[in-house]
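Working notes, structure below.
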DNA sequence: GTCTATACGCCGATAGAC
DNA sequence: GTCTATCGGCGTATAGAC
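Residue numbers (this note's numbering), protein chains in the order written: chain A, 1 to 203; chain B, 1001 to 1203.
What follows is the structure in structure tokens.
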């Protein structure tokens, strides 16, 4: 805790990150709590508690609650980029899409309790007056574009429309899974989507 | 959607309804404002203003905000019942389903601004601790069951799965239309669903 | 039945000690 | 950089006049 530990990690101190990584913890806590409770119901005290950071200290890292929301949206974007990056290790675009769907289905229990982590956030942000809904749209657009890229690689001329269809199917089955609290919906629809992708890849 | 609230209803004064129908106005205002702003962001003052009822007077009709939410969910259920009732005037189940989809597409501008009136409400209620999420599930279930009934009438043994697929498609395209603020998504996906229904009806 | 005035708690944000 | 104490505003709900 003292100045003595200063030298070691200093190599090229990431602008913000300090020992403890409180900022990172606050962002992660925001993503999680926003998902579980919704943005509007969540207080800064909730986030601080989950992040294990004193309430008042939050304001050293984020001047307003909105900035926390913005950071959460950015975190979703980063996660998406990381995910698609990993999927591109697979050589076959159809396999990438099926792996994407498979990942969604694996999260079915969480989806049944809290919905799609990003979809529910985007829906909520669209009803606020701040400009965060634009950032949310960007993330959604990035997902659709990546999916469209895969369909394009499969030689489908209607790649964009198919991408909208796939992402909409995911958002829709998330809403139903959530509202009806039934993870089996996710499983069944996931299987349907997988067959659908297969059919499109090998017509 | 807006059904009978016509004059001759005084015949046997409905328990609550008084001159002016303040209670009805409060419920209608709740449905509308919850849709446009979300439940959490909405204050009783907002509802009172839209309903043109003095703020303090709200509590004569509803003891808590939760009761207003409950009444709004009930109103959605009533609207759904009225809608499906009207659709059943059509002799062909496939026509009923296509008319259902057509109605959704007609609301695309509203969907782009505020999302599906019921889907966004259900999503929000699922993140509250009150028990209203169960009531929301009931309404969603009623819609799915009615759709399944139509597919059943078309002789499809997989009617229930098809119904989940159709309703999920609607919820999903609503989320995307809303997040991307693009009503064209609703139009395109609506056409796709219409063809899909045709294909299922005349294999 | 209708409406005003107000109590009360909670939450976002700030000031400033350390 | 870290944390405590606290302010100001708002929103739900109530008391009680008309």
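Every residue, glycine too, gets a C-beta built ideally from N, C-alpha and C.
Please read these numbers as outputs of a predicted model, since none were measured by experiment.
* Assuming residue 39 of chain A and residue 69 of chain A form a contact by the criterion Cβ under 8 Å, report the distance between their Cβ atoms to the nearest whole angstrom. => On the first chain, position 39 is the one that residue 39 of chain A refers to. On the first chain, position 69 is the one that residue 69 of chain A refers to. Indeed, because the Cβ distance is near 6 Å, the residues count as touching under 8 Å.
Item to complete: Measure the alpha-carbon distance for residue 1119 of chain B versus residue 1155 of chain B and round it to whole angstroms.
Response: The residue labelled residue 1119 of chain B in the question sits at position 119 within the second chain. The residue labelled residue 1155 of chain B in the question sits at position 155 within the second chain. Their backbone Cα atoms lie some 29 Å apart in a straight line.
Can you find a CB in chain B that lies within less than 8 Å of the CB of residue 179 of chain A? Taking the first residue of the first chain as 1, we reach residue 179 of chain A at position 179. Chain B, which has a Cβ nearer than 8 Å to the Cβ of residue 179 of chain A, makes this yes.
Fill in: Interface positions of the region 149-170 of chain A facing chain B (Cβ-Cβ less than 8 Å), listed along the chain
161, 164, 165, 167, 168, 169 and 170
- Can you list the residues of chain A that residue 1198 of chain B reaches, using a CB-CB cut of under 8 Å? Position 198 of the second chain, counted from the first residue, corresponds to residue 1198 of chain B. The premise fails here: residue 1198 of chain B is roughly 17 Å from chain A at the closest Cβ pair, so nothing lies under 8 Å.
Among A/188, A/32, A/72 and A/179, the one whose alpha carbon lies nearest that of residue 1135 of chain B
As a working note, residue 1135 of chain B is residue 135 in the second chain. Ranking the options by Cα distance to residue 1135 of chain B, first place goes to A/179.
Exercise for the section: Using three-state DSSP, classify residue 1154 of chain B as helix, strand or coil. Expected result: The residue given as residue 1154 of chain B occupies position 154 in the second chain. Residue 1154 of chain B falls in the coil class under three-state DSSP.
- The alpha helix (DSSP H) spanning residue 1077 of chain B covers which residue range? As a position in the second chain, residue 1077 of chain B is number 77, starting the count at 1. 1065-1087 is the extent of the alpha helix (DSSP H) around residue 1077 of chain B.
Please report the distance separating the alpha-carbon of residue 174 of chain A from that of residue 1172 of chain B.
Here residue 174 of chain A refers to the residue found at position 174 of the first chain. Here residue 1172 of chain B refers to the residue found at position 172 of the second chain. Residue 174 of chain A and residue 1172 of chain B: Cα-Cα distance of roughly 8 Å.
Cβ separation of residue 105 of chain A and residue 20 of chain A, assumed to be a contact under 8 Å, to the nearest whole Å | Along the first chain, one-based indexing puts residue 105 of chain A at 105. Along the first chain, one-based indexing puts residue 20 of chain A at 20. About 36 Å; that fails the 8 Å criterion.
Run of the alpha helix (DSSP H) containing residue 1041 of chain B, from where it starts to where it stops:
Here residue 1041 of chain B refers to the residue found at position 41 when the second chain is read from its first residue. That residue, residue 1041 of chain B, is in no alpha helix (DSSP H); it is neither H nor E in DSSP.
**Asked** Is residue 1102 of chain B close to chain A, meaning its C-beta is less than 8 Å from at least one C-beta of that chain?
**Response** Residue 1102 of chain B sits at position 102 when you count from the first residue of the second chain. It does not; no Cβ of chain A falls within 8 Å.
* Rounded to whole angstroms, what's the CA-CA distance from residue 67 of chain A to residue 1126 of chain B? Just pull it up for me. => For this step, residue 67 of chain A is matched to residue 67 along the first chain. For this step, residue 1126 of chain B is matched to residue 126 along the second chain. Distance between the alpha carbons of residue 67 of chain A and residue 1126 of chain B is about 25 Å.
| Residue burial classification, residue 1048 of chain B (beta-carbon count within 10 angstroms, cutoff 16) | Residue mapping note: residue 1048 of chain B aligns to position 48 of the second chain, counting from 1. Looking at its Cβ environment, which holds 16 or more other Cβ atoms inside 10 Å, residue 1048 of chain B is buried.
Residue from A/90, A/113 and A/182 with nearest C-alpha to residue 1141 of chain B: The count along the second chain starts at 1 and reaches residue 1141 of chain B at position 141. For the residues A/90, A/113 and A/182, the minimum Cα distance to residue 1141 of chain B belongs to A/182.
Relative to the C-alpha of residue 1161 of chain B, which residue among A/184, A/139 and A/151 is closest?
Here residue 1161 of chain B refers to the residue found at position 161 of the second chain. Minimum Cα-Cα distance from residue 1161 of chain B among the listed residues A/184, A/139 and A/151 corresponds to A/184.
**Neighbour list for residue 1040 of chain B in chain A, Cβ cutoff strictly below 8 Å** = By one-based count along the second chain, residue 1040 of chain B stands at place 40. Residues of chain A passing the Cβ test: 38, 40 and 41.
Requested in this report: Answer with yes or no whether the minimum CB distance from residue 176 of chain A to chain B is below 8 Å.
Outcome: Here residue 176 of chain A refers to the residue found at position 176 when the first chain is read from its first residue. Closer than 8 Å to some Cβ of chain B, the Cβ of residue 176 of chain A qualifies, so yes.
key: Three-state secondary structure assigned by DSSP to residue 1053 of chain B   = In the second chain, counting from the first residue as 1, residue 1053 of chain B sits at position 53. Reduced to three states, the DSSP call for residue 1053 of chain B is coil.
On the CB-based measure, 16 or more other CB atoms within 10 Å of its CB, does residue 148 of chain A come out buried or exposed? Numbered from 1 along the first chain, position 148 holds the residue referred to as residue 148 of chain A. Per the 10 Å Cβ criterion, buried.
Extent of the continuous alpha helix (DSSP H) run through residue 1119 of chain B: Translated into the one-based positions of the second chain, residue 1119 of chain B becomes position 119. Per DSSP, residue 1119 of chain B belongs to the alpha helix (DSSP H) from 1117-1125.
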